[in-house]
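Just below is one structure, and these are the notes that go with it.
Protein chains in written order, with the numbering used here: chain W, 6 to 112; chain H, 300 to 707.
As structure tokens, then:
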């Protein structure tokens, strides 16, 4: 009797529960591992690009770029240094651009 | 076509009519090991990876910081994008790999009557809000730009649609009490620049937009906690706006009394202030504005470029569309490269910011080469353009998509 009464009281609540209705549950803590993304740039002449560029991003980002002109590659390297504050050694800039033009260049 | 078809029937339909072997609708174990995007200038091959936590098979655009694209076949499975194949995009590589649900706090400060430091439990006590909305990277489809531009060379899969559950940003701001004179609200997440003086990723919305009752803080997508790479534990949701504003791992909300002049608003994510954000390569002196509302798009999802279909019979064609910052009014299909257009049947309306399924039929009478096209018009009357836009950042592509097929 008592149980039936309780059920009757609950019915309007059930009926008015929105479809999304389940009470939100506190999310559990999360701990994951991410791939390190440290594969070096391939081929000869990659020392400068490997030494300066892998700190911020993996090499696949660069290798997936379309062919670009030397000016465009120079602008990309300058953007990394000036805008994103990449600590690229000044003496290595030419070698980095040379590598990019050799492997990803466009006339 | 009956829009209530379940997924199995939907897939069976594809198998019955398509002669080619393709990824469309195949179960996951058949996911190929790589994809090749038909980008101009090539460099379109990408591996499919399963190396990322809480994520299924994804197109690997960049390992660190992760850029993971949703394999396009996933969009044929339904209008909600599975959480574990929802695309991923981070700017900086310092991403916390552990988030403690007990000690996490969302701070609200700046031009407010009282600072807040909200635990997840505190947030769950706010009224729950839910909306289905497309999240699309500003640079989705950048790889198709001609001439090509540098950046994340996405195919069309830097987008997804989810049912976002959380709380209204307005309710949180009201709890803090926004002071008169507030202009913008700035959002910051737990990710940090790799280099100390690099620009931390922050984005801002005008205060009226932030308080519109639709912008929200999500703690779940499609009924599940956010994967860490999709912003666990909290992500800003800005329905109808490009994903750059949907700050992940949201931990800090600052109410500003000045327009935000941080790098990510003032310099990055700017578009030409022209229709379709279009300009000419090399053009200078173009006025720019921060990227903002999305524009309509539509895609065929069950037929790949170069597929073979039978002549003399009807092949079901289907796909998804979205209106951008408002709902889908109509989706039209052309089987003759845009010479003639036919209405399609729209699927269930899941809300104006959601993907909408559409269905059509293609019945070539004679063998030959055909170009399938699909065109969405939104409820504000905006239609996809015939010609692609161009800008140096590769933003806001929404040209009518063309799918060449062969009738045999």
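The C-beta atom is built at its ideal place from N, Cα and C for all residues, glycine as well. Model, not experiment: these values are computed from the prediction.
Reduced DSSP category for residue i - H, G, I as helix; E, B as strand; rest coil
| i | result |
| --- | --- |
| residue 391/H | coil |
| residue 36/W | strand |
| residue 310/H | Confidence at residue 310/H is low in this model, with a pLDDT of 34, below 50, so its placement is unreliable and the value that follows should be read with caution. Correct three-state label for residue 310/H: helix. |
| residue 567/H | coil |
| residue 518/H | strand |
| residue 704/H | strand |
| residue 347/H | strand |
| residue 408/H | strand |
| residue 104/W | helix |
| residue 578/H | coil |
| residue 324/H | At residue 324/H the pLDDT is 45, less than 50, meaning the model places this residue with poor confidence; the figure from the coordinates comes in the next sentence. Residue 324/H: coil per DSSP, three-state reduction. |
| residue 544/H | helix |
Cα-Cα separation, residue i to residue j
| i | j | result |
| --- | --- | --- |
| residue 509/H | residue 525/H | 22 Å |
| residue 344/H | residue 111/W | 18 Å |
| residue 386/H | residue 428/H | 23 Å |
| residue 321/H | residue 609/H | Reliability of the predicted coordinates at residue 321/H is poor, the pLDDT of 40 falling under 50, and the value obtained from them is presented with this limitation in mind. Rounded to whole angstroms, residue 321/H to residue 609/H spans 16 Å at the Cα level. |
| residue 593/H | residue 616/H | 25 Å |
| residue 577/H | residue 683/H | 13 Å |
| residue 335/H | residue 469/H | 43 Å |
| residue 108/W | residue 79/W | 14 Å |
| residue 356/H | residue 333/H | 10 Å |
| residue 459/H | residue 534/H | 14 Å |
| residue 395/H | residue 638/H | 52 Å |
| residue 86/W | residue 92/W | 7 Å |
| residue 448/H | residue 441/H | 7 Å |
Which listed residue (the options) has its alpha carbon closest to that of residue i
| i | options | result |
| --- | --- | --- |
| residue 528/H | 676/H, 351/H, 485/H | 351/H |
| residue 644/H | 578/H, 604/H, 627/H, 635/H | 627/H |
| residue 482/H | 461/H, 420/H, 554/H | 554/H |
| residue 691/H | 665/H, 532/H, 380/H, 580/H | 580/H |
| residue 674/H | 454/H, 451/H, 640/H, 335/H | 640/H |
| residue 69/W | 612/H, 410/H, 454/H | 454/H |
| residue 681/H | 575/H, 604/H, 613/H, 353/H | 575/H |
| residue 390/H | 358/H, 339/H, 494/H, 400/H | 494/H |
| residue 73/W | 104/W, 92/W, 40/W, 50/W | 104/W |
| residue 601/H | 688/H, 368/H, 375/H | 375/H |
| residue 353/H | 338/H, 393/H, 531/H | 531/H |
| residue 457/H | 679/H, 704/H, 625/H, 695/H | 695/H |
| residue 3/W | 541/H, 443/H, 629/H, 393/H | Outside the shown range of chain W (6 to 112) lies residue 3/W, about which nothing can therefore be said. |
| residue 552/H | 474/H, 498/H, 423/H | 474/H |
| residue 364/H | 76/W, 88/W, 71/W, 61/W | 61/W |
Any non-hydrogen atom of the ligand ZN within 7 Å of residue i CB
| i | result |
| --- | --- |
| residue 410/H | The ligand ZN is not part of this structure, which contains no ligands at all. |
Nonlocal neighbours in the same chain, by C-beta distance under 6 Å from residue i, ignoring five residues either side
| i | result |
| --- | --- |
| residue 101/W | 53, 54, 82 |
| residue 416/H | 404, 406 |
| residue 99/W | none |
| residue 636/H | 670 |
Close beta carbons around residue i, own chain, < 8 Å, minus the five adjacent residues each side
| i | result |
| --- | --- |
| residue 587/H | 569, 570, 571, 572 |
Own chain residues within Cβ distance below 7 Å of residue i, not counting five before or after
| i | result |
| --- | --- |
| residue 501/H | 485, 486, 487, 561, 563 |
| residue 523/H | 382 |
8 Å Cβ cutoff, residue i in contact with chain C
| i | result |
| --- | --- |
| residue 452/H | No chain C is present in this structure, whose protein chains are W and H. |
Taking only runs of the beta strand (DSSP E) that begin and end inside the region 611-685 of chain H, which ones reach a length of at least 3 residues, in chain order? 614-621, 627-633, 655-661, 667-677
At which residue ranges does the region 486-540 of chain H contain complete alpha helix (DSSP H) runs of 4 or more residues, listed in the order of the chain? 506-509
Fully enclosed by the region 456-490 of chain H, which alpha helix (DSSP H) runs are 4 residues long or longer? The region 456-490 of chain H contains these whole alpha helix (DSSP H) runs: 468-475.
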